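Undergrad: Please read through the structure below; I'll follow up with questions.
Residue numbers (the working numbering): -8 to 715.
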């Protein structure tokens, strides 16, 4: 048997004595590395020394009298104690606290155990067969004592020399940053285990970097840019490692001061626009105007770079300042400017004007802060007129007619015009009506008058004067008016006047119109390149011509024609003479002429109403006075003659004819003697005729003016009747 002493390099070998009683025995130990050790003895045990660590030896016992004889049962193997690990080192990955330990085993392959002890006695172990081992779960900020021990199933090596490992410092926690309004930012945090110093990193949104290092748990930055948001992180360091970066926090530095303060006065509203160049980091600005010579202060706030201060006292001087507010601090600008406000509005404004003037006189009382004054007249139509003075009154000229003006006065100081005074209203006289036109339609007795009006007018009056001295008129609140009772053949002069509540215009230019004529002259006004052009334009316009005042109607009884005549004619007028049946105005006879007479052939036996009507260009005038004419009676139609020889008479019958008042029947014998009878009816008897003679019988009708032509003749003999 062999017994190994793990703490030495000796192996005690024992065996049973050989039966042939050799002189000596030799115990051999042959290592796996080829080395051979032995011990010799005459007894049955000996000790082999200087064994190498970490080797597996084959053990055999031989005798001296047996060449290479091996005692039966003496060959077996034994493993020596592991070698003591040598030159152990450690490599630490700071970002992960993973530590790798390596060592040397003098070439022996063995199982090693690495032990890491912290200061509280806690241990971590790592096993390896390849002379290196890695710790993956070491705590941050710890100091570890490391050693390596070889191990096999029977023995343990001497421990390696001990060595220390300090893991990376722990990450700083509970980081806090504060900024005082003196531009210093202080960062503090809880101490990190294993740290010997700390570094604070500040990075702004614009890219500015700054660091601060300290062995304490606070650090101050006096040089950070104003108005920036900085991201703050802290790392802990020892001699070898830097910890993980702390969770970032954000801090806002002191706002940057604003600059370029300006104030622009709005003189008309007693307000001022305050503007400035913003300082970075300000969240809101407060602008203030405080009076120098008046106990008054106004302010406004804005997140931008302008704001309006209102309700400034006129004629005063103010100190204007702006302060910015950041997240925790105000900006530190002490800049201010002076502002002088607009002059105060004048008081007791009064105006004077007359209807026939385009000037208004304005007066007022002095106002604070005014160096001079401007009086203004503004019309509802957009016209504006002014006068300027350093006294307390002036005249505004060239006012336009027909306008309502607002008149006010403002104080002036240099380029600044103050708020307007109380407003006075002035209504100027109406403008003269323009482009008066007259319209007289065919057969009309109403004259339409139209015109154009510039500006305002309350109402209008049109005056129409006839050539015979008659004056007509009409009133209207629009630009059209109608004048009735226009007579034919007269010339009328037309003018229009516009009225306001207090004034009237001059009368318009005179327009002439003649009833019964047909040429009008209109004045047309229009603008050409802003110049007023007036043109007279003639229009052909047909009006009804006047009828004759008196007509004459003379009947020719033989021709049954009516000769109609009158005193005079007008060029271009066609005169139509008409003879209407007195009992039917739809049926008539007519003649026409451009002279002073014409003849109308009428039907016998009718009563006629004769008149003359003038016509020009399709426009018919009024009828002349009527003349009554009765035409000659129509010819009676002889019906029969009956002779009465006993009484020497003849009885005649005929058809009554139109227009007849009396019938006269005549019997004429061959000697030329005539015999007559009269009747108002269709029969009569001719007496004292001689029997046995031939007679020619006729009848004709008569009225108060004419006789009709003779009827056809009937010839008869006493006792006989012949029709020829």
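Heads up, the beta-carbon is just placed ideally off N, CA and C, and yes, glycines get one too.
Bear in mind the structure is a predicted one, so any value in this text is a computation, not a measurement.
Closest to residue 267 by CA distance: which of 562, 279, 261 and -8 is it?
TA: Comparing Cα positions, the closest option is 279.
Undergrad: Can you find at least 3 beta carbon pairs, one from the region 613 to 630 and one from the region 535 to 544, that sit closer than 8 Å?
TA: The region 613 to 630 vs the region 535 to 544: in contact.
Undergrad: Do you know whose CA, among 14, 435, 47 and 49, lies nearest residue 35's CA?
TA: Of the candidates 14, 435, 47 and 49, the one whose C-alpha sits nearest the C-alpha of residue 35 is 14.
Undergrad: What residues in its chain sit with their C-beta under 6 Å from that of residue 101, if we drop five residues either side in the sequence?
TA: Counting only Cβ-Cβ distances below 6 Å, and skipping sequence neighbours, we find 45, 73 and 141.
Undergrad: Counting pairs of beta carbons, one from the region 346 to 354 and one from the region 324 to 333, are three or more of them closer than 8 Å?
TA: Counting Cβ pairs under 8 Å, fewer than three are found: no touch.
Undergrad: Kindly indicate the opening and closing residues of the beta strand (DSSP E) around residue 669.
TA: First-last of the beta strand (DSSP E) with residue 669: 665 to 670.
Undergrad: Taking Cβ to Cβ, would you say residue 601 is nearer than 8 Å to residue 649?
TA: Result no, Cβ atoms of residue 601 and residue 649 do not sit closer than 8 Å.
Undergrad: Residue 487 and residue 427: beta carbons closer than 8 Å?
TA: Yes, the Cβ-Cβ distance between residue 487 and residue 427 is below 8 Å.
Undergrad: Quick one: grab the DSSP three-state call for residue 642.
TA: Residue 642: strand per DSSP, three-state reduction.
Undergrad: Determine whether the beta carbon atoms of residue 294 and residue 270 lie at a separation below 8 Å.
TA: No; because the gap between Cβ atoms is not below 8 Å, this pair is not in contact.
Undergrad: Out of 553, 189, 685 and 87, which one is the CA nearest neighbour of residue 209?
TA: Closest option to residue 209, Cα to Cα, is 189.
Undergrad: Would you say residue 16 and residue -1 are within 8 Å of each other, going by their C-beta atoms?
TA: No, Cβ-Cβ distance for residue 16 and residue -1 is not below 8 Å.
Undergrad: Measure the alpha-carbon distance for residue 154 versus residue 201 and round it to whole angstroms.
TA: Cα to Cα, the separation comes out at about 38 Å.
Undergrad: Sort out for me which residues DSSP pairs residue 502 with in a bridge.
TA: DSSP, once it has assigned bridges, lists 485 as partnering residue 502.
Undergrad: Considering only residues of the same chain and omitting the five flanking positions on each side of residue 91, which have a CB-CB separation below 6 Å?
TA: Excluding residues within five positions, the ones whose Cβ falls inside 6 Å are 82 and 125.
Undergrad: Taking the alpha-carbon positions, what's the residue 411 to residue 319 distance?
TA: Looking at the two C-alpha atoms, the distance is approximately 45 Å.
Undergrad: Count the other CB atoms within 10 Å of the CB of residue 416; is the residue buried (16 or more) or exposed (fewer)?
TA: That one is exposed.
Undergrad: Measuring only between beta-carbons, confirm whether residue 261 sits less than 8 Å from chain B.
TA: Absent here is chain B; the protein component of the structure consists of one chain.
Undergrad: If you draw a straight line from the alpha carbon of residue 724 to that of residue 313, how long is it in whole angstroms?
TA: It is not possible to answer for residue 724, since the shown part of the chain is limited to -8 through 715.
Undergrad: Between which two residues does the beta strand (DSSP E) carrying residue 365 extend?
TA: Residues 363 to 370.
Undergrad: When you compare the region 279 to 291 with the region 233 to 243, are there three or more beta-carbon pairs, one atom per stretch, that lie closer than 8 Å?
TA: Touching, no, given that fewer than three Cβ pairs across the two stretches are closer than 8 Å.
Undergrad: Consult DSSP for residue 597 and reduce its assignment to one of helix, strand or coil.
TA: Three-state result, residue 597: coil.
Undergrad: With respect to the beta strand (DSSP E) encompassing residue 415, which residues constitute its N-terminal and C-terminal limits?
TA: Segment 415 to 418, the beta strand (DSSP E) holding residue 415.
Undergrad: When you compare each of 705, 96, 264 and 340 to residue 401 by their alpha carbons, which one comes out closest?
TA: When only C-alpha atoms are compared, the closest one is 340.
Undergrad: Sort out for me which residues DSSP pairs residue 227 with in a bridge.
TA: Looking at the DSSP assignment, residue 227 forms a beta bridge with 189.
Undergrad: Measuring straight from C-alpha to C-alpha, what distance separates residue 736 and residue 107?
TA: Past the edges of the chain, shown from -8 to 715, lies residue 736, and the structure says nothing about it.
Undergrad: Taking only runs of the beta strand (DSSP E) that begin and end inside the region 419 to 493, which ones reach a length of at least 3 residues, in chain order?
TA: Counting only runs of 3 or more, we get 425 to 430, 438 to 443, 450 to 457, 462 to 467, 471 to 474 and 482 to 490.
Undergrad: Determine the closest residue to residue 623 out of 28, 631, 592 and 158, with distance taken between C-alpha atoms.
TA: The residue with the shortest Cα to Cα distance from residue 623 is 592.
Undergrad: What is the DSSP secondary structure of residue -8, reduced to helix, strand or coil?
TA: Three-state result, residue -8: coil.
Undergrad: Under three-state DSSP, which class holds residue 6?
TA: Residue 6 falls in the coil class under three-state DSSP.
Undergrad: Going by the DSSP bridge assignment, what does residue 402 pair with across the sheet?
TA: According to DSSP, which records beta bridges pairwise, residue 402 is partnered with 364.
Undergrad: Entirely within the region 197 to 278 and at least 3 residues each: give me those beta strand (DSSP E) ranges in chain order.
TA: For the region 197 to 278, whole beta strand (DSSP E) runs of length 3 or above, ordered along the chain, are 200 to 205, 209 to 212, 220 to 228, 240 to 243, 250 to 257 and 262 to 268.
Undergrad: Quick check on residue 634: does DSSP put it in helix, strand or coil?
TA: Strand, per DSSP.
Undergrad: For residue 665, count neighbouring C-beta atoms within 10 Å of its own C-beta (all shown protein chains included) and say buried if the count is 16 or more, exposed if not.
TA: Flag for residue 665 reads exposed.
Undergrad: On the three-state DSSP scale, how would you describe residue -2?
TA: Coil at residue -2, not helix or strand.
Undergrad: Secondary structure at residue 541, three-state DSSP: helix, strand or coil?
TA: Note: residue 541 maps to coil in three-state DSSP.
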